[in-house]
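Participant:
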Ligand code: MN
Ligand code: MN
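Residue numbers (the numbering used here): 146 to 596.
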């Protein structure tokens with residue numbers, strides 16, 4: 146059952162910590178914006194770009210940026226790095242609607258944008274809400290154009306229509322997976338045809354793009370433009386105890402692990418905070434956790450700490466390291482009790498949630514942490530007054546999910562899933578408890594400082 150942890154915590158401290166988190170969410174609607182904002186926060190705390198360093202020593206604070214979409218921060222500890230690194234890995238990509246390479250078309254005098262959804266979404270949740278268009282367009286000569294339309298109150302927004310209930314007899318009889326089809330997720334983009342001869346809305350919209358943003362239709366093929374919910378992070382509940390926002394999976398664990406590494410002082414072990422991309426589509430690609438970037442950045446740190454480098458030092462460092470895979474989990478929802486087994490589910494406001502395993506159908510595709518390591522982490526949390534709970538993602542055979550844990554664990558790093566429970570995960574407006582957000586920060590900080 147849910148424990149009420151509010152009686153054991155300083156509400157003022159928790160609320161003030163969460164003000165910073167709310168600001169982070171509003172500045173981090175995409176993985177690129179989140180990387181950029183995280184970099185700004187760490188630079189203010191004295192972290193330096195690794196590119197500006199020739200060597201490293203105890204106490205140094207550095208970061209590695211990977212293609213503007215992921216970032217790894219290190220604080221060099223007192224002990225030899227070969228004794229292991231305390232790693233916290235989270236992800237900064239969130240479910241959304243990406244524009245297709247040829248997105249713009251016209252139908253019935255309306256200009257529309259074709260999309261391909263990214264990550265696991267309930268497609269019907271993404272209609273009839275305001276959307277911002279954020280991302281980059283890269284021209285053939287390499288010039289980068291940053292696009293951010295919707296986040297400023299004076300900007301227009303975009304949206305995807307849905308059918309009126311009066312004519313939805315057939316639609317409402319469909320399965321929820323088919324109520325809104327992927328190819329119907331086309332966003333309204335404009336409706337004025339200025340060219341009298343051609344009477345073309347598409348042409349008129351391309352003229353606005355050329356004039357305001359300086360690119361042409363061909364340039365869409367080398368763009369990454371994302372439609373994301375145009376909702377600001379808000380306090381939820383009369384007592385302001387919860388936060389509602391887009392992208393809390395997994396920027397809640399990104400922010401709390403980032404703040405934790407910014408605040409640690411003189412750790413014994415070297416600490417690494419990894420904010421990865423591409424988790425929602427399987428951690429693939431150059432910016433996902435499966436990318437060698439993870440090992441490469443550790444190798445670079447070793448090479449800058451030691452007079453000589455070899456692969457065995459890297460392998461030993463990894464084998465002696467430990468990692469929290471910091472990702473959100475489901476909070477048992479009073480509206481949907483039937484999908485959880487109440488003795489092992491996590492609860493909103495029940496504290497930082499530890500999941501020994503994730504996966505589906507008999508723990509398939511999970512790293513399933515060692516009991517010894519779970520014991521170590523709970524010991525660290527208990528001796529630092531971190532309020533925590535165990536979590537299982539739904540009843541046996543109800544469904545399931547995965548995190549980056551398995552990919553880090555594959556490198557022979559002890560890894561445990563540990564994050565914030567959410568309601569409405571992957572929806573345009575996800576809910577967290579401020580108590581859990583703060584406990585994540587406290588827990589991650591204690592983990593960095595652990596020996
Ligand atoms: Mn996640
Ligand atoms: Mn997710």
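Positions of the beta carbon are idealized from the N, C-alpha and C atoms, including for glycine.
(1) Given a cut-off of 8 Å on the beta-carbon distance, is the pair residue 660 and residue 279 in contact?
(2) Which partner residues does residue 243 have in the DSSP bridge list?
(3) By DSSP, does residue 502 sit in helix, in strand, or in coil?
(4) Kindly indicate which three-state DSSP category residue 605 falls into: helix, strand or coil?
(5) Rounded to whole angstroms, how far is the Cβ of residue 566 from the Cβ of residue 476, which I believe are closer than 8 Å?
(6) Under the criterion of a Cβ to heavy atom distance below 7 Å, does residue 176 qualify as lining ligand 1?
(7) What is the DSSP secondary structure of residue 98, reduced to helix, strand or coil?
(8) Alpha carbon to alpha carbon, what distance is there between residue 410 and residue 360?
(9) Nearest CA to the CA of residue 201: which residue from 221, 418 and 189?
(10) Short of 6 Å in beta carbon distance, which residues of its chain neighbour residue 351, apart from the five on each side in sequence? Order them along the chain.
(11) Could you tell me the alpha carbon to alpha carbon distance between residue 264 and residue 241, rounded to whole angstroms?
(12) Helix, strand or coil: which one does DSSP assign to residue 253?
(13) Within its chain, find whatever has a CB closer than 7 Å to the CB of residue 195; leave out the 5 residues flanking it on each side and keep chain order.
(14) Measure the alpha-carbon distance for residue 551 versus residue 593 and round it to whole angstroms.
(15) Which stretch, first to last residue, makes up the beta strand (DSSP E) that contains residue 535?
(16) Tell me where the alpha helix (DSSP H) around residue 179 begins and ends.
(17) Residues around ligand 1, please: the ones whose beta-carbon is closer than 5 Å to some heavy atom of it, in chain order.
(18) Would you kindly work out how many angstroms separate the C-alpha atoms of residue 304 and residue 435, rounded to a whole number?
(19) Let me know if residue 246 comes out buried or exposed under the rule of 16 or more other beta-carbons within 10 Å of its beta-carbon.
(20) So which of 197, 184, 198 and 204 has the shortest CA-CA distance to residue 415?
(21) Which of helix, strand or coil does DSSP assign to residue 304?
(22) Cβ of residue 290 within 8 Å of Cβ of residue 182?
(23) By the 10 Å Cβ neighbour count, where 16 or more other Cβ atoms means buried, how is residue 467 classified, buried or exposed?
(24) Quick one, which of 483, 576 and 473 has its alpha-carbon nearest residue 535's?
(25) If you measure from the CB of residue 425, is any heavy atom of ligand 2 nearer than 7 Å?
(26) In the DSSP assignment, the alpha helix (DSSP H) including residue 400 goes from what residue to what residue?
(27) Is residue 261 near ligand 2, going by C-beta to nearest heavy atom under 7 Å?
(28) Ends of the alpha helix (DSSP H) at residue 165?
(29) Suppose you measure from the CA of residue 586 to the CA of residue 244; what does that come to, to the nearest Å?
(30) Relative to the C-alpha of residue 331, which residue among 320, 268 and 375 is closest?
(31) Between residue 556 and residue 463, is the Cβ-Cβ spacing less than 8 Å?
(32) In this structure, what does DSSP give as the bridge partners for residue 467?
(33) Which word fits residue 459, buried or exposed, when buried means at least 16 other C-beta atoms lie within 10 angstroms of its C-beta?
(34) Taking C-alpha atoms, which residue in 226, 234 and 164 lies nearest to residue 433?
(35) DSSP state of residue 474, grouped into three classes?
(36) Is any heavy atom in ligand 2 found nearer than 7 Å to the beta carbon of residue 571?
Facilitator: Let's see:
(1) Here the chain has residues from 146 to 596 only, and residue 660 is not among them.
(2) Position 98 of the chain shown holds residue 243. The bridge partners DSSP lists for residue 243 are 261 and 371.
(3) Here residue 502 refers to the residue found at position 357 of the chain shown. In this structure, residue 502 counts as coil in the three-state DSSP scheme.
(4) Residue 605 is absent from the model: the chain starts at 146 and stops at 596.
(5) Here residue 566 refers to the residue found at position 421 when the chain shown is read from its first residue. Here residue 476 refers to the residue found at position 331 when the chain shown is read from its first residue. Going by Cβ atoms, the distance from residue 566 to residue 476 rounds to 4 Å, so yes, they are a contact pair.
(6) Counting from 1 along the chain shown, the entry for residue 176 is found at position 31. Using a cutoff of 7 Å, the CB of residue 176 does not count as near ligand 1, since none of the ligand's heavy atoms is closer than that.
(7) Because residue 98 is not part of the residues shown, which for the chain are 146 to 596, the question remains open.
(8) Here residue 360 refers to the residue found at position 215 when the chain shown is read from its first residue. Here residue 410 refers to the residue found at position 265 when the chain shown is read from its first residue. Near 47 Å, if we compare the C-alpha coordinates of residue 410 and residue 360.
(9) Locating residue 201 in the chain shown gives position 56, where the first residue counts as 1. Among 221, 418 and 189, the Cα nearest to that of residue 201 belongs to 221.
(10) Working through the chain shown from its first residue, we reach residue 351 at position 206. 362, listed in sequence order.
(11) Start at 1 with the first residue of the chain shown, and residue 264 comes out as number 119. Start at 1 with the first residue of the chain shown, and residue 241 comes out as number 96. The alpha-carbon atoms of residue 264 and residue 241 are separated by roughly 7 Å.
(12) Walking along the chain shown from the start, residue 253 turns up at place 108. It is coil, neither helix nor strand.
(13) The residue you call residue 195 lines up with position 50 of the chain shown. Apart from sequence neighbours up to five positions away, the residues of its chain that approach residue 195 with a beta-carbon distance below 7 Å are 207, 208, 209 and 445, ordered along the chain.
(14) Residue mapping note: residue 551 aligns to position 406 of the chain shown, counting from 1. Residue mapping note: residue 593 aligns to position 448 of the chain shown, counting from 1. About 20 Å.
(15) One-based indexing of the chain shown puts residue 535 at position 390. Start and end: 533-535.
(16) Here residue 179 is taken as the residue at index 34 of the chain shown, counted from 1. Counting along the chain, the alpha helix (DSSP H) containing residue 179 begins and ends at 176-189.
(17) Taking every residue with its beta carbon within less than 5 Å of a heavy atom belonging to ligand 1 gives, in chain order, 394, 395 and 472.
(18) As a working mapping, residue 304 is identified with position 159 in the chain shown. As a working mapping, residue 435 is identified with position 290 in the chain shown. Taking the straight line from one Cα to the other gives about 34 Å.
(19) Indexing the chain shown from 1 puts residue 246 at position 101. By the neighbour-count definition (other C-beta atoms within 10 Å, threshold 16), residue 246 is an exposed residue.
(20) Along the chain shown, one-based indexing puts residue 415 at 270. Ranked by how close their Cα comes to the Cα of residue 415, the residues 197, 184, 198 and 204 have 204 in first place.
(21) If you number the chain shown from 1, residue 304 lands on position 159. Of the three classes helix, strand and coil, the one that applies to residue 304 here is strand, per DSSP.
(22) Your numbering for residue 290 matches position 145 in the chain shown. Your numbering for residue 182 matches position 37 in the chain shown. Taking 8 Å as the Cβ cut-off, residue 290 and residue 182 do not qualify as a contacting pair.
(23) Start at 1 with the first residue of the chain shown, and residue 467 comes out as number 322. Buried, since its Cβ has 16 or more Cβ neighbours within 10 Å.
(24) By one-based count along the chain shown, residue 535 stands at place 390. Checking every option, the nearest Cα to that of residue 535 belongs to 473.
(25) Here residue 425 refers to the residue found at position 280 when the chain shown is read from its first residue. It does: the Cβ of residue 425 is within 7 Å (strictly closer) of some heavy atom of ligand 2.
(26) Counting from one through the chain shown, the residue named residue 400 turns up at place 255. Element bounds for residue 400: 393-408.
(27) The count along the chain shown starts at 1 and reaches residue 261 at position 116. No.
(28) Taking the chain shown and counting its residues from 1, the one referred to as residue 165 is at position 20. Start and end: 156-171.
(29) Translated into the one-based positions of the chain shown, residue 586 becomes position 441. Translated into the one-based positions of the chain shown, residue 244 becomes position 99. Annotation: residue 586 to residue 244 spans about 35 Å, alpha carbon to alpha carbon.
(30) The residue labelled residue 331 in the question sits at position 186 within the chain shown. Cα-wise, what sits closest to residue 331 is 268.
(31) For the purposes of this step, residue 556 is taken as residue 411 along the chain shown, with counting starting at 1. For the purposes of this step, residue 463 is taken as residue 318 along the chain shown, with counting starting at 1. For residue 556 and residue 463, yes; Cβs fall inside 8 Å.
(32) Taking the first residue of the chain shown as 1, we reach residue 467 at position 322. Answer is 231 and 559.
(33) Walking along the chain shown from the start, residue 459 turns up at place 314. Buried is the label assigned to residue 459, since at least 16 other Cβ atoms lie within 10 Å of its Cβ.
(34) The sequence position of residue 433 within the chain shown is 288, counting from 1. Closest by alpha carbon: 234.
(35) On the chain shown, residue 474 is found 329 positions in, with the first residue counted as 1. Correct three-state label for residue 474: strand.
(36) In the chain shown, the residue the question calls residue 571 occupies position 426. In this structure, the C-beta of residue 571 approaches ligand 2 to less than 7 Å from one of its heavy atoms.
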